Amino acid sequence: MPALRASRPAVVLGVLLALLAFGIRPSAAATTATITVSTALSRQDGSVATVEGFVVGQPTAANTVIRSNFTGDTAIALADSSSQTSTSAMLYVQVTATFRAQYGLQSNPGLLGTKISVTGTLTPYFTPHAGLKSPTAFGGGGGSDPGDPGDPPDPGDYYANAIGKTGPALKSALHTIISNQTKLTYDQVWNALKDTDQDPSNANNVILLYSGRSQSKSTNGGGVNDWNREHVWAKSHGDFGTATGPGTDVHHLRPEDVSVNGARGNLDFDNGGSTVTECPGCTADGDSFAPRAAVRGDVARMIFYMAVRYEGGDGFANLEPNNSVNNGTAPYIGKLSVLKAWSAGDPPDAFEKRRNQVIFDTWQHNRNPFIDHPEWVSSIWP
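In the numbering used here, the protein residues as written are 12 to 393.
Here is the structure:
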């Protein structure tokens, strides 16, 4: 008996250590394992995990995620790709009061496109959508994916079927890709332009394309000093008017002063001419118009987009740039040689890239490939 009693402290100590270890390990595993969004979507079992993904918007309903003009700080959507647009591939994350100042999108719109991690309970949010609730920790938020800091992400997977192609094959592949879009009505274009062309220094204004003037969003209309909807590819060139399709495609519709819009009319694009009133840096003559230098590349890339998007197979004319002016109602716009030089001399800037992203995220869900890949211009039009 004495020998048995002497061994008891060692046994008890061993049992206590084992129990202590047993109590610690599951807790550590539950909070330190990092999983992808796709894994989190399939593991809605009430367990605790750390999920890593890109912030892709603010959920406002089970099937709705907004990508701009955020309305609150209480929820964010995460995805495995920063260019993801399908809500079924997004995890809806609750942002509780402790974390809203740093991770709410209304307070931190620059968080869009950045990679973060969040620890919480895997359970449906905006029922029945897969989610993460009751977060205990957030981390990250320091960079975009991929590309230069501050730039919208380059959606490489969007162009997967075009990569490696050149010439007519590239044009055909891009046409198929960008034709998958949401079409707007002409009335919807007003609100779209107030979003796509917002002045980065004044959220109440838009920047007018040709003149460069910052003007109140509320002054849209037909008055002499109002701004209206300019068709960069003149709607008479192919006679498509304002019909849903090329007539309402915001990739080439821009806000512009009513009188400057009238001065441009349906002129082709070329260098030369006399100064245009109310449009510093713009020139025009009897058969052509040239915008200010800062947006000449923008204009060219809008023309190239239209030529790839509208190929005559969807009830509208086959639009093409040519090397002429005075194209009238034919479905052509020139001069191609000048437009190519403008595109090369004025590469895409931050405003143009943001505009492309907003159209993709919020309005049409397609992109202008020549903003993402300016080098494709010379491949299609050597």
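Just so you know, even glycine gets a beta-carbon here, dropped at the ideal spot from N, CA and C.
On a predicted model such as this, the values are computed, not experimentally measured, just so you know.
{"Check": "First through last residue of the beta strand (DSSP E) which encompasses Phe65", "Outcome": "Val59 to Ala72"}
{"Check": "Residues near Glu322 by beta carbon distance below 6 Å, same chain, minus five either side", "Outcome": "His186 and Asn329"}
{"Check": "Close-in-space but distant-in-sequence residues of the same chain around Ala173 (CB under 7 Å, 5 per side omitted)", "Outcome": "Leu181, Ala184, Leu185 and Ile188"}
{"Check": "Whole runs of the beta strand (DSSP E) within the stretch 172-252, excluding any shorter than 3 residues", "Outcome": "213-218, 225-227 and 238-242"}
{"Check": "Start-to-end residues for the beta strand (DSSP E) that takes in Val104", "Outcome": "Leu102 to Gln105"}
{"Check": "Contact under 9 Å by Cβ, Phe65 with Gln95", "Outcome": "yes"}
{"Check": "Sequence-distant residues of the same chain with beta carbon closer than 8 Å to Thr286, five excluded per side", "Outcome": "Cys293 and Thr294"}
{"Check": "Simplified DSSP assignment, three categories, for Glu386", "Outcome": "coil"}
{"Check": "Contact the stretch 246-266 vs the stretch 196-210: 3+ CB pairs below 8 Å", "Outcome": "yes"}
{"Check": "Close beta carbons around Asp237, own chain, < 7 Å, minus the five adjacent residues each side", "Outcome": "Thr230, Asn231 and Val269"}
{"Check": "Residues sharing a beta bridge with Gly150, DSSP", "Outcome": "Ser128"}
{"Check": "Contact set for Ser389: own chain, Cβ-Cβ below 6 Å, skip 5 residues either direction", "Outcome": "none"}
{"Check": "Distance, Ala86 Cα to Ala73 Cα", "Outcome": "12 Å"}
{"Check": "Contacting residues, own chain, Cβ-Cβ under 7 Å from Phe251 (five flanking each side not counted)", "Outcome": "Pro257, Gly258, Phe327 and Ala328"}
{"Check": "CA-to-CA distance, Ser49 to Val59, given in whole angstroms", "Outcome": "15 Å"}
{"Check": "Sequence-distant residues of the same chain with beta carbon closer than 6 Å to Thr373, five excluded per side", "Outcome": "Arg78 and Ser79"}
{"Check": "Backbone CA spacing between His384 and Trp244 [nearest angstrom]", "Outcome": "20 Å"}
{"Check": "Opening and closing residue of the beta strand (DSSP E) in which Ser92 lies", "Outcome": "Segment: none, Ser92 is in no beta strand (DSSP E) and carries neither H nor E."}
{"Check": "Lys144 (DSSP reduced to helix, strand or coil)", "Outcome": "strand"}
{"Check": "Residue from Gly324, Leu350 and Asp325 with nearest C-alpha to Val336", "Outcome": "Leu350"}
{"Check": "Cα-Cα separation, Lys144 to Ala88", "Outcome": "12 Å"}
{"Check": "Contacting residues, own chain, Cβ-Cβ under 6 Å from Gly68 (five flanking each side not counted)", "Outcome": "Val76, Ile77, Arg78 and Ala88"}
{"Check": "Secondary structure of Glu322, DSSP reduced to three states", "Outcome": "strand"}
{"Check": "Opening and closing residue of the beta strand (DSSP E) in which Phe300 lies", "Outcome": "Ser299 to Ala301"}
{"Check": "Residues that DSSP places opposite Thr75 in a beta bridge", "Outcome": "Ala72"}
{"Check": "Cβ pair count under 8 Å reaching 3, the stretch 340-358 against the stretch 92-107", "Outcome": "no"}
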